[in-house]
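Take the sequence shown: its position 43, counted from the start at 1, is 59 in my numbering, and no numbers get skipped. Here a beta-carbon is modelled for each residue, glycine too, at the ideal position from N, C-alpha and C. Have a look at the structure below before the remarks.
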Amino acid sequence: MTLLFLLPTAITATAVASAGVAPAPPGAQVVIADGHVDLGPRFVHGRWTIQLRDDTGDPVVWRPLENVVVQATDKAELSVPADPAYSFLGKAGQKVWVIPQVQQPGVVWPGWNTQDPEVAKRVDREVTWSLNGVDGPGTFTLFLNSDFGKPAPVFDSRKPFPQETGIDVNTHVHGNWTFSAPGTYLLDITMRAELTDGTTVTDHRPLRLYAGPGNPLDAFKTTAPVGPAPREEAGDGGGLDLVVVGIVVFVAVSIGVVLVLRRRKRVAA
17 MTLLFLLPTA ITATAVASAG VAPAPPGAQV VIADGHVDLG PRFVHGRWTI QLRDDTGDPV
77 VWRPLENVVV QATDKAELSV PADPAYSFLG KAGQKVWVIP QVQQPGVVWP GWNTQDPEVA
137 KRVDREVTWS LNGVDGPGTF TLFLNSDFGK PAPVFDSRKP FPQETGIDVN THVHGNWTFS
197 APGTYLLDIT MRAELTDGTT VTDHRPLRLY AGPGNPLDAF KTTAPVGPAP REEAGDGGGL
257 DLVVVGIVVF VAVSIGVVLV LRRRKRVAA
């Protein structure tokens, strides 16, 4: 595999049309090891939800994250270059699996986008993408190529969590996804946004990736989130929780007032 991930490229890719993209068949588990996919938020039955847009077949579909594994096969294997700018990937010459920012034949090409029509219409300015934790056999990093070809880090599993990056609304981006050892990587991610009506929506899900040889279906066996769920935000279920708590408090106070009044009447009698 050539080192095209080291070359400067545009960060924002060509727009991806999202209108009319169908949901995937329910329960269909797939491994995607070639072609274009995008991670992104959607409103599914009115609820803000992170899904994976799969452009590898016809028709194009949006897949639930729990039903998909993104695989970096041996075609994505290369050696860490001697350039000190890439020392964060490991020692020079060390084996590493890289899904590059520039599309390569036979290698999956995952990006992320905020171009779903309802997302583009309702989100105010940007979506915040958070990495809450990583469970895997090695180091995971995601970085972009800067204008001068140097790496611009987005996520690094060796750094404290949570880590955050902003995605402007109606944007489509690709980066370099790297794995220092073969096996399953479970990324605990959140996408959050403020809507134009002032409410906040959030979704928290695991993203499964598999690097190298072996059976990528094993990634489906890893099911539990690797980090604590973020605090629920009002506007995506949080508001309902507050209402329930308020009702409980109101009922408890009302019962207390009634008991006090009864006691006073008994004393007066």
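Alpha carbon of residue i to alpha carbon of residue j, nearest angstrom
{"i": "VAL46", "j": "TYR201", "result": "16 angstroms"}
{"i": "THR65", "j": "VAL135", "result": "11 angstroms"}
{"i": "PRO100", "j": "VAL60", "result": "44 angstroms"}
{"i": "GLU210", "j": "THR239", "result": "29 angstroms"}
{"i": "PRO169", "j": "VAL189", "result": "14 angstroms"}
{"i": "LEU233", "j": "PRO97", "result": "31 angstroms"}
{"i": "ILE115", "j": "ARG138", "result": "31 angstroms"}
{"i": "ASP57", "j": "VAL124", "result": "The sequence shown places Pro at residue 57, rather than the Asp named in the question. Rounded to the nearest angstrom, the two C-alpha atoms are 20 angstroms apart."}
{"i": "ASN231", "j": "ASP74", "result": "25 angstroms"}
{"i": "PRO80", "j": "GLN67", "result": "5 angstroms"}
{"i": "ASP219", "j": "GLY109", "result": "39 angstroms"}
{"i": "PHE164", "j": "TRP193", "result": "19 angstroms"}
{"i": "GLY106", "j": "HIS52", "result": "27 angstroms"}
{"i": "SER162", "j": "GLU142", "result": "21 angstroms"}
{"i": "ALA197", "j": "ALA44", "result": "28 angstroms"}
{"i": "LEU122", "j": "THR181", "result": "The question names Leu, yet the displayed sequence has Gly at residue 122. Computed Cα separation, rounded: 29 angstroms."}
{"i": "PRO133", "j": "GLN120", "result": "28 angstroms"}
{"i": "GLY62", "j": "PHE104", "result": "41 angstroms"}
{"i": "SER95", "j": "ALA88", "result": "15 angstroms"}
{"i": "ILE48", "j": "PHE195", "result": "17 angstroms"}
{"i": "THR72", "j": "LYS237", "result": "24 angstroms"}
Cβ shell of residue i (< 6 angstroms), same chain only, five flanking positions each side left out
{"i": "LEU203", "result": "VAL150, LEU223"}
{"i": "GLY199", "result": "PRO153"}
{"i": "ALA179", "result": "A quick correction: the sequence has Gln, not Ala, at residue 179. Around GLN179: LEU147, PHE171."}
{"i": "ARG221", "result": "ILE66, LEU81"}
{"i": "VAL259", "result": "The predicted model places VAL259 with a pLDDT of 35, which falls under 50 and marks its position as unreliable, so this point remains unresolved."}
Residue j beta carbon less than 8 angstroms from that of residue i
{"i": "VAL185", "j": "PRO126", "result": "no"}
{"i": "GLU93", "j": "LYS111", "result": "yes"}
{"i": "MET207", "j": "TRP113", "result": "no"}
{"i": "ASP50", "j": "GLY228", "result": "no"}
{"i": "LEU55", "j": "TRP128", "result": "yes"}
{"i": "ILE205", "j": "THR130", "result": "no"}
{"i": "TYR102", "j": "PRO167", "result": "yes"}
Under the three-state DSSP convention, the category residue i falls into
{"i": "ALA209", "result": "strand"}
{"i": "ALA44", "result": "coil"}
{"i": "PHE177", "result": "coil"}
{"i": "LEU146", "result": "Residue identity check: residue 146 is Ser in the sequence provided, not Leu. Looking at SER146 - three-state DSSP - the assignment turns out to be strand."}
{"i": "PHE164", "result": "coil"}
{"i": "VAL217", "result": "strand"}
{"i": "VAL37", "result": "coil"}
{"i": "SER196", "result": "coil"}
{"i": "VAL170", "result": "strand"}
{"i": "ALA88", "result": "strand"}
{"i": "ASP50", "result": "coil"}
{"i": "ALA108", "result": "coil"}
Contacting residues, own chain, Cβ-Cβ under 7 angstroms from residue i (five flanking each side not counted)
{"i": "ARG174", "result": "THR155"}
{"i": "ALA235", "result": "VAL85, THR200, ARG224, TYR226"}
{"i": "GLY191", "result": "GLN117, LEU158, PHE159, LEU160, VAL170"}
{"i": "ASP140", "result": "GLU210, LEU211, THR212"}
Any non-hydrogen atom of the ligand SAM within 7 angstroms of residue i CB
{"i": "PHE104", "result": "Absent from the structure shown: the ligand SAM. Ligands present: none."}
Spatial neighbours of residue i in its chain, beta-carbon cut-off 8 angstroms, leaving aside the 5 residues before and after
{"i": "THR187", "result": "THR28, ASN129, THR130, GLN131"}
Check whether the segment 157–169 and the segment 214–229 are in contact - that is, three or more C-beta pairs closer than 8 angstroms.
no
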